[in-house]
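What follows is a single structure, written as structure tokens, with notes after it.
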Amino acid sequence: MDLSAAIQTYLVIHGVSTVGAVIVFLIRNEHRITKLETSLNNLKESHDALTDHGTIRHDFGENKL
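As structure tokens, then:
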């Protein structure tokens with residue numbers, strides 16, 4: 002095997018292992034990402050409900066503190 006073939010082989014193996022590592026990372030962290038999305042959606046729904054109810058007010062005009 003000449004040097005260029007050895008380098009190409011190394012790059013292919015290294016590239017595949019890097020892609021594999023990224024895929025494994027995403028699979029392992031998918032539940033955390035899903036939980037974060039759920040928490041953010043719940044927070045938005047709570048904020049919207051409190052705003053509609055009048056508990057939270059947003060003053061963007063002259064009455065802004």
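In the numbering used here, the protein residues as written are 2 to 66.
Think of the CB as a built atom: it goes at the ideal place given N, C-alpha and C, for glycine as much as any other residue.
Here the structure is a predicted model, which means the values were calculated and not measured.
Residues near residue i in its chain [Cβ-Cβ closer than 6 Å; skip 5 each side]
| i | result |
| --- | --- |
| ILE14 | none |
| GLU46 | none |
Cβ neighbours of residue i in the same chain (closer than 8 Å, five flanking residues each side left out)
| i | result |
| --- | --- |
| LEU51 | ILE57 |
Neighbour-count burial assignment, residue i, 16 or more Cβ in a 10 Å radius
| i | result |
| --- | --- |
| LEU66 | A caution first: LEU66 carries a pLDDT of 49, below 50, which makes its placement in the model unreliable, though a value can still be read off. It is exposed - the Cβ of LEU66 has fewer than 16 other Cβ atoms within 10 Å. |
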